[in-house]
Amino acid sequence: DLMQEFLTDSPDDNSPNVSSPVDIKIMLPDRELITVQVRKTATADEVYACTVPKLGLQSPSSAVYFYLFEIVEYSFERKLESNEFPHHLYIQNYSTASATCLCVRKWLFSAPLESRLTASDDRLATFMFWMSIDAVDRGTIRAEDRLYELKALQDASRKHEYLKLATSLPGYEELQFPHCASDSRKTGGHVIPTVSMGGFKLLAASDEGVLENQAVEFDWDTITQYEVDEECGAFVMQYTRPNRSPRCIKIFSTYSVFLKECFDRIREEKSWTRD
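Residues 1 to 275, numbered by UniProt numbering, are exactly what the sequence shown covers, in order.
Here it is as structure tokens:
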């Protein structure tokens with residue numbers, strides 16, 4: 001109880017405990033655990049700034065393509081909001097068996113840009129290599145009959161060959177969210193929101209999250225508005241339809257804020273290619 005009280009003391013700015021540094025463990029993409037020393041009230045931006053020198057990237061400017069995430073499920077990590085307090089999340093994980101609930105993951109959707117970055121930065125390529133292995137194991141990257149080839153290349157010394165094959169497979173650019181309810185399905189059931197540079201997809205699923213043989217895809221140009229409706233706890237999106245009036249749909253995801261951030265990020269990355 002004393003330990004938990006120390007970990008969770010009130011964030012009173014006048015309290016000496018708030019300014020005293022604490023150690024936070026963070027898992028890197030290659031599964032290495034690092035420790036950063038920060039204030040308990042340090043924001044995600046501040047904690048990530050302390051993490052960047054320990055990433056070992058050849059170009060510090062490449063750090064903008066990564067960020068802090070929270071491991072919330074085996075197959076899903078949530079990007080932290082810039083003003084969140086990572087230490088609060090960290091202490092909630094204190095009593096679990098895992099070493100940490102915080103990790104660094106890529107914050108990038110463009111595969112062509114990723115390929116250019118990995119060609120010039122060996123450390124960054126190593127990170128992408130390990131994250132690709134995770135994505136194959138989770139089934140996000142659909143290896144199918146190429147799985148044997150990938151397994152044969154699953155050695156860090158062959159990471160560039162592995163990435164060349166992995167990036168050519170379906171699902172590489174995609175980020176799948178956990179299944180949730182949505183009013184887009186007239187017959188009920190859940191959806192699995194999936195974002196990529198190519199578009200936004202809603203994969204049909206059962207209430208238990210089992211994939212069904214239905215999907216609807218929205219081109220980014222057809223999505224005219226989107227926002228988080230905090231009152232109903234949903235991500236709300238409006239899209240255009242040929243010869244019909246625009247339609248709004250609601251996606252009742254626990255991770256609506258992160259979903260909106262993904263939409264914002266993809267629009268930002270698309271603007272880079274236009275510029």
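Where is the CB? At the ideal position from N, CA and C, for every residue including glycine.
The straight-line gap separating the alpha-carbon atoms of residue 185 and residue 260 is approximately 20 Å. The residue among 87, 255, 94 with its C-alpha nearest the C-alpha of residue 180 is 255. Counting only runs of 3 or more residues that sit fully inside the UniProt domain "Ras-associating" (20-109), the beta strand (DSSP E) segments are 21-27, 33-39, 66-73, 76-79, 102-106, in chain order. Each of 73, 136, 87, 170 was checked against the Cα of residue 20, and the nearest Cα belongs to 87.
Among the bridge pairs identified by DSSP, residue 227 is matched with 236. Here DSSP, grouped into helix, strand and coil, assigns residue 160 to helix. In this structure, residue 108 and residue 65 form a Cβ contact; the two beta carbons are roughly 4 Å apart against a cut-off of 8 Å. Setting aside the 5 residues that flank it on each side, residue 270 is surrounded in the same chain by 197, 220, each with a C-beta closer than 8 Å to its C-beta; the list follows chain order. Boundaries of the beta strand (DSSP E) around residue 215: 211-218. Between the segment 67-86 and the segment 111-129 there are fewer than three inter-stretch CB-CB distances shorter than 8 Å, so the stretches are not counted as touching.
Counting only residues of its own chain and dropping the five nearest sequence neighbours on each side, residue 103 has a CB closer than 7 Å to the CB of 26, 27, 69, 71, 77.
Here residue 266 carries a helix assignment [DSSP, helix/strand/coil]. In this structure residue 115 touches residue 167 by the C-beta definition: roughly 7 Å separates them, less than 8 Å.
With a beta-carbon spacing of about 11 Å, residue 182 and residue 203 fall beyond the 8 Å limit used to define contacts.
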